[in-house]
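J.: Each residue of the sequence shown is one higher than the one before, counting from 209 in my numbering.
Note that CB positions come from ideal geometry on N, CA and C, so glycine has one too.
These numbers come from a predicted model, not from an experiment.
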Amino acid sequence: MITTFACRETEKIFEGQRSRKLPSEIQQRARRRLMQLHNAQNINDMRIPPSNHLEKLSGNLAGFWSVRVTQQWRLVFLWEDGSAAEARMIDYH
209 MITTFACRET EKIFEGQRSR KLPSEIQQRA RRRLMQLHNA QNINDMRIPP SNHLEKLSGN
269 LAGFWSVRVT QQWRLVFLWE DGSAAEARMI DYH
């Protein structure tokens, strides 16, 4: 379950609304990833499908996890006590 969002635009996509600040071509795929994250019972649920490329981040985002939405965009979140928090979309390039 996603408990909090770090940005309103990510929350809009999760709710099925369109965001003007994120590219329209990634929004449907991003919503699928958000729904998968919302339904995840544990962090390993995000390993499937392998194209998610689940990875634990380091540096400025230490403690966060990410899954790929596209080559350029990632869904970044904290995993705490069996739920996701501070979910947001990040442009990696």
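1. If you draw a straight line from the C-alpha of L286 to the C-alpha of P231, how long is it?
2. Kindly list the residues whose CB is nearer than 6 angstroms to the CB of Q249, restricted to its own chain and excluding five residues on each side of it in sequence; keep chain order.
3. Identify the continuous alpha helix (DSSP H) that holds E219 and give its terminal residues.
4. Report the partner residues of A275 according to the DSSP bridge assignment.
5. Going by alpha carbons, who is nearest to N320 out of V275, V284, R255 and R228?
6. Using CA atoms only, rank isn't needed, just tell me which of Y300, E288 and V275 is closest to R239.
7. How close, in whole Å, do the beta carbons of I210 and A292 come, if the pair is a contact with beta carbons under 8 angstroms?
8. Considering only residues of the same chain and omitting the five flanking positions on each side of H246, which have a CB-CB separation below 8 angstroms?
9. Could you give the distance in angstroms between the alpha-carbon of H261 and the alpha-carbon of G224?
T.: Walking through what the data contain:
1. L286 and P231: Cα-Cα distance of roughly 23 angstroms.
2. Excluding residues within five positions, none has a Cβ falling inside 6 angstroms.
3. Note, E219: alpha helix (DSSP H), R216 to F222.
4. According to the sequence shown, residue 275 is Val rather than Ala. Bridge partners of V275: L283.
5. Here the chain has residues from 209 to 301 only, and residue 320 is not among them.
6. Minimum Cα distance to R239 is reached at V275.
7. Correct: roughly 5 angstroms between the Cβ atoms.
8. Shown here for H246: same chain residues with a beta carbon closer than 8 angstroms to its own, the five before and five after excluded, namely M209, I210, F222 and A292 in chain order.
9. The alpha-carbon atoms of H261 and G224 are separated by roughly 24 angstroms.
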